[in-house]
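Below is one structure; the comments refer to it alone.
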Amino acid sequence: MPRKSSTLDEAVMLIQILTRIPKGRLITAQQLKQELDAAGIPIRIRTLQRYLKTMASTDVFGIDCDMRSRPYGYKQSTAGGTLLSQQMSVHECLLLRLAQEHMRFMIPTTLSKSLSPLFDMASQKFNETLSAAPRNEKAWLKKIAVVGSSLPMMPPKISRTIFEAVSEALFRELKLEIEYDSASGKQVKSLITPLGLVQQDVRLYLVCMFDRYENVRHLALHRLTKARVTEFQAERPKDFSLDSYVNSCHFNYSDGSGRKVELSFRFTNAVTALNLNETPFNRTQRLEKLPDGSFHLSVILTDSPLIDGWIAVWKDKAGISELTRTPVTGSGIAPQDY
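Using our numbering, the first residue of the sequence shown is number 1, and each one after it goes up by one.
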């Protein structure tokens with residue numbers, strides 16, 4: 001029985017190593033060990049070297065070893081792919097490519113590193129497939145785009161080491177030592193408890209609590225100049241919810257009071273009515289067509305300048321009139337309805 005267990009463990013380890021060996025570049029045993037460690041897969045360097053030697057000495061795994069200098073480098077053979085890459089369809093590769101673009105700032109660095117071999121494999125497989133495909137298929141990635149609802153802006157520069165430290169602290173629930181330049185130009189050094197990462201348009205914000213303070217704040221990640229993960233356990237408030245914090249309007253350019261208003265207006269544009277019916281503001285929205293052919297909408301929203309911006313954009317185009325904005329107290333509406 002122990003022998004079977006050991007054999008299975010070795011097979012799993014071989015697959016873990018195999019999925020992390022790239023095709024277009026060399027990787028050393030030490031680099032592979034770092035990737036495995038980041039994925040929570042401990043292995044001794046000599047054991048890893050023994051596995052790599054075995055894999056490179058047979059055609060089964062399709063692994064080449066560059067022995068021209070030390071440390072030796074390993075890569076997938078150009079003659080074929082790994083056993084796993086051969087099973088991946090072009091549709092799965094495309095899905096992974098799209099997922100990589102959208103998730104790159106929103107997953108812990110340790111998980112990102114563990115997924116990087118899968119993303120690399122998807123890119124290789126996809127590129128290989130397109131290289132032999134007709135011209136119209138090669139242009140497939142150029143036929144996909146994401147359009148924002150605001151004016152396009154370039155994302156701020158974020159230090160890779162700072163992002164990795166922040167994501168590691170969040171993932172391991174440890175405190176961070178940071179240095180931060182505020183919008184007013186004040187330099188701050190502090191120990192913080194990281195609570196979450198929020199993306200708004202092209203900006204990333206770190207939701208956190210400063211040591212010896214109980215209020216929750218958020219810091220623009222690109223304004224962090226230093227970040228170091230400590231071994232102090234993060235003291236996360238028991239009643240804290242990132243969703244509730246975001247829904248309380250802290251990211252809607254308001255004072256954070258979270259006050260609600262009932263927005264009510266009449267409009268005439270039928271296309272606007274269709275769009276609002278297909279993509280309502282939230283579950284409190286009520287939309288009806290009036291006998292004269294116009295439409296009436298009412299909805300409870302968190303009060304913020306974003307409402308003013310929406311009205312300014314759509315007032316003339318939608319034919320908005322009879323607009324009211326009434327404060328709401330004790331509405332009894334559940335948070336998930338907003």
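The C-beta atom is built at its ideal place from N, Cα and C for all residues, glycine as well.
Enclosing beta strand (DSSP E) for A220 [first to last residue]: Position 220 of the sequence shown holds residue 220. Where A220 is concerned, the enclosing beta strand (DSSP E) starts and stops at 216-220.
Simplified DSSP assignment, three categories, for G196: Start at 1 with the first residue of the sequence shown, and residue 196 comes out as number 196. Three-state result, G196: strand.
First and last residue of the alpha helix (DSSP H) that includes T279? Here residue 279 is taken as the residue at index 279 of the sequence shown, counted from 1. That residue, T279, is in no alpha helix (DSSP H); it is neither H nor E in DSSP.
Where are the beta strand (DSSP E) runs, 3 residues long or more, that stay fully inside the region 28-73, in chain order? With a minimum length of 3 residues, the continuous beta strand (DSSP E) runs that stay inside the region 28-73 are 63-66.
Inter-stretch contact at 8 Å, needing at least 3 Cβ pairs: the region 290-297 / the region 309-316: Contact fails: fewer than three Cβ-Cβ distances are below 8 Å.
At what residues does the alpha helix (DSSP H) containing V166 begin and finish? Against the sequence shown, residue 166 aligns to sequence position 166. Taken as a continuous stretch (DSSP letters only), the alpha helix (DSSP H) holding V166 covers 160-172.
When the Cβ atoms of the region 214-222 are set against those of the region 260-277, are three or more pairs found closer than 8 Å? No, the region 214-222 does not touch the region 260-277.
Within 10 angstroms of its Cβ, does L52 collect 16 or more other Cβ (buried), or is it exposed? In the sequence shown, the residue the question calls residue 52 occupies position 52. By the neighbour-count rule (16 or more Cβ atoms within 10 Å), L52 is buried.
Are the CB atoms of A183 and K175 nearer to each other than 8 Å? Start at 1 with the first residue of the sequence shown, and residue 183 comes out as number 183. Start at 1 with the first residue of the sequence shown, and residue 175 comes out as number 175. Not in contact: A183 and K175 (Cβ atoms no closer than 8 Å).
Cβ of L206 within 8 Å of Cβ of L197? Here residue 206 refers to the residue found at position 206 when the sequence shown is read from its first residue. Here residue 197 refers to the residue found at position 197 when the sequence shown is read from its first residue. Result yes, Cβ atoms of L206 and L197 sit closer than 8 Å.
Buried or exposed for Y74, please, with buried defined as at least 16 other CB atoms from any protein chain shown within 10 angstroms of its CB. The sequence position of residue 74 within the sequence shown is 74, counting from 1. The residue in question, Y74, is buried, as its Cβ has 16 or more Cβ neighbours within 10 Å.
Taking C-alpha atoms, which residue in Q200, L290, D9, T225 lies nearest to V246? Taking the first residue of the sequence shown as 1, we reach residue 246 at position 246. It is Q200.
Pick helix, strand or coil for A340, following the three-state DSSP scheme. The first residue shown for the chain is 1 and the last is 338, placing residue 340 beyond what the model contains.
Minimum C-alpha distance to L48 - residue among L36, G40, T58, S57: For the purposes of this step, residue 48 is identified with residue 48 of the sequence shown, where counting begins at 1. Of L36, G40, T58, S57, the residue nearest in Cα terms is L36.
Where does D9 sit, in a helix, a strand or coil, going by DSSP? Locating residue 9 in the sequence shown gives position 9, counting from the first residue. Note: D9 maps to helix in three-state DSSP.
Tell me the rounded alpha-carbon separation between I45 and T161. Walking along the sequence shown from the start, residue 45 turns up at place 45. Walking along the sequence shown from the start, residue 161 turns up at place 161. Across the structure, I45 and T161 are spaced so that their CA atoms are roughly 25 Å apart.
Should D303 go down as buried or exposed, given a rule of 16 or more other Cβ atoms within 10 Å for buried? For the purposes of this step, residue 303 is identified with residue 303 of the sequence shown, where counting begins at 1. Buried, by the Cβ-count rule.
Using alpha carbons as the reference points, say which of V271, A318, T272, I300 lies closest to N373. Since the first and last residues shown for the chain are 1 and 338, residue 373 lies out of range.
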